[in-house]
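Counted the way this note's numbering counts, the sequence shown spans residues 324 to 475. All residues carry an ideal CB built from backbone N, CA and C; glycine is no exception. From a predicted model like this one, the values you see are computed outputs, not experimental measurements.
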Amino acid sequence: MSAELYFDEAKVGDECISPTYDVTEARINAYAELTGDFTPVHVNEEYAKTTPFGTRVAHGLFGLSIADGLKTQSDYRFVPGMSLGWTWDFLLPIKINDSVHVKFRVVSARLSKSRPGWGIVVLPSELINQKGDVVHRGEHRLMIPCRPQATT
């Protein structure tokens, strides 16, 4: 993995593709346990067969969590900062045994007006399955520290 980046090192137009993540039945079940969301389409195959999906699918917010986690495992990642928020759309279902990755880019970068020594980047992101289908899409806004100034 490459070194984490400070705000000053982010460049508009930079792009990255993350490692992949395998969505397994065990991981969907663990997410249901963690969140308490036992909606049948996620945990009951017999029920899920009666839905338009025809099978169990991952929770939408699990997809967002996967996307966020994959970004932190990418070669292009930032020193720890603060998430300012997400906009996120669920376009297609994520099914058991799908393998997904994230493609993201820096679309804007500006210094923070309220927090000196910090900058804000906007990262449009796509969660893509093994077939190349964009299953989720959105944007992450992050506040990241600038490189500390050397003292003499």
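Does the beta-carbon of residue i have 16 or more other beta-carbons within 10 angstroms, so that it is buried, or is it exposed?
{"i": "residue 449", "result": "buried"}
{"i": "residue 478", "result": "It is not possible to answer for residue 478, since the shown part of the chain is limited to 324 through 475."}
{"i": "residue 438", "result": "exposed"}
{"i": "residue 420", "result": "exposed"}
{"i": "residue 416", "result": "buried"}
{"i": "residue 333", "result": "buried"}
{"i": "residue 335", "result": "exposed"}
{"i": "residue 457", "result": "exposed"}
{"i": "residue 371", "result": "buried"}
Tell me the rounded alpha-carbon separation between residue i and residue j.
{"i": "residue 399", "j": "residue 442", "result": "16 Å"}
{"i": "residue 373", "j": "residue 367", "result": "10 Å"}
{"i": "residue 360", "j": "residue 354", "result": "8 Å"}
{"i": "residue 440", "j": "residue 446", "result": "20 Å"}
{"i": "residue 380", "j": "residue 413", "result": "12 Å"}
{"i": "residue 357", "j": "residue 390", "result": "17 Å"}
{"i": "residue 452", "j": "residue 383", "result": "14 Å"}
{"i": "residue 346", "j": "residue 436", "result": "40 Å"}
{"i": "residue 434", "j": "residue 325", "result": "24 Å"}
Just to confirm before moving on: does the CB-CB distance between residue i and residue j stay below 7 Å?
{"i": "residue 339", "j": "residue 397", "result": "yes"}
{"i": "residue 343", "j": "residue 424", "result": "yes"}
{"i": "residue 327", "j": "residue 376", "result": "no"}
{"i": "residue 387", "j": "residue 341", "result": "no"}
{"i": "residue 337", "j": "residue 429", "result": "yes"}
{"i": "residue 418", "j": "residue 378", "result": "yes"}
{"i": "residue 467", "j": "residue 404", "result": "yes"}
Return the Cβ separation of residue i and residue j in integer angstroms, given the expectation that the two are a contact with Cβ distance under 8 Å.
{"i": "residue 395", "j": "residue 461", "result": "Not a contact, Cβ separation roughly 16 Å."}
{"i": "residue 470", "j": "residue 408", "result": "Going by Cβ atoms, the distance from residue 470 to residue 408 rounds to 24 Å, so no, they are not a contact pair."}
Hey, is residue i's beta-carbon within less than 7 Å of any beta-carbon in chain D?
{"i": "residue 360", "result": "The displayed structure is made up of one protein chain only, and chain D is not part of it."}
Are there any heavy atoms of the ligand NAD lying less than 6 Å away from the beta-carbon of residue i, as far as the coordinates show?
{"i": "residue 453", "result": "Inclusion of the ligand NAD in the displayed structure is not the case, the ligand content being empty and no account of it being possible."}
Review point. Which whole runs of the beta strand (DSSP E) in the segment 343 to 418 are 3 residues long or more, in chain order?
Key: 405 to 413
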